[in-house]
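A.B. asks: This structure is in structure tokens; I'll ask about it shortly.
Residue numbers (the working numbering): 189 to 352.
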């Protein structure tokens, strides 16, 4: 009987699967929290609350953009793998939590459409890093921020980077 061999890409594949599984767990948790828990009970987990005038405010240097984009990609992949619909808010919350756990600075933005207040797109949520949207891509000028949750990175990012 021959031993199983893993090629160099196999280890990377299992890391990606593990990262997707983590994203699925966070996304499921975010779905439950959004549905059953009042915002006032979990808003501290999203970061420091700011007003709309601080939209896009500089949170400091971030050299972790590539990692943040990979994490957003994992959340989107988890969305495709889970049954049911994951709207923008659970996706944004799951990514914000992921970024917080790995020490990456970000802002979660909750916004309302400037003109259309009745459609399913009247409210929207997205996450930014260094002024660029990571998840919840939309035309920013069409929305007015209502709440912004900013979090500064911690030094745990280097340790966790290989997991994503």
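Each residue gets a CB set at the ideal place from its N, CA and C atoms; glycine is no exception.
Enumerate in chain order the residues of its own chain whose CB-to-CB distance from residue 248 is below 7 Å, with the five nearest sequence positions on each side excluded.
C.D. replies: Model confidence at residue 248 stands at a pLDDT of 47, short of 50, so the residue's coordinates are unreliable and nothing is read from them.
A.B. asks: Along the chain, which unbroken stretches of the alpha helix (DSSP H) at least 4 residues long are found entirely within the stretch 201 to 285?
C.D. replies: Listed in chain order, they are 227 to 230, 253 to 269.
A.B. asks: Please classify residue 286 as buried or exposed, where buried requires at least 16 neighbouring CB atoms within 10 angstroms.
C.D. replies: Residue 286 comes out buried.
A.B. asks: Identify whether residue 294 lies in helix, strand or coil by the three-state DSSP scheme.
C.D. replies: Correct three-state label for residue 294: strand.
A.B. asks: Using the beta-carbon count (16 or more within 10 Å), is residue 232 buried or exposed?
C.D. replies: With fewer than 16 Cβ atoms within 10 Å of its Cβ, residue 232 is classed as exposed.
A.B. asks: Quick one: Cα of residue 306 to Cα of residue 288, how far?
C.D. replies: If you take the alpha carbons of residue 306 and residue 288, they lie about 33 Å apart.
A.B. asks: Between which two residues does the beta strand (DSSP E) holding residue 332 run?
C.D. replies: 331 to 339 is the extent of the beta strand (DSSP E) around residue 332.
A.B. asks: Sorted by chain position, which residues of the same chain lie with C-beta nearer than 6 Å to residue 221's C-beta, five sequence neighbours on each side aside?
C.D. replies: These residues qualify, in order along the chain: 230.
A.B. asks: With residue 157 as the anchor, note down where its beta strand (DSSP E) starts and where it stops.
C.D. replies: Residue 157 is absent from the structure shown; the chain starts at 189 and stops at 352.
A.B. asks: Restricting to Cα atoms, I'd like to know which of 317, 261, 218 is closest to residue 204.
C.D. replies: Comparing Cα-Cα distances from residue 204 to each of 317, 261, 218, the minimum goes to 261.
A.B. asks: Hey, residue 332 and residue 280: beta-carbon distance below 8 Å or not?
C.D. replies: No, these two residues do not count as a Cβ contact at 8 Å.
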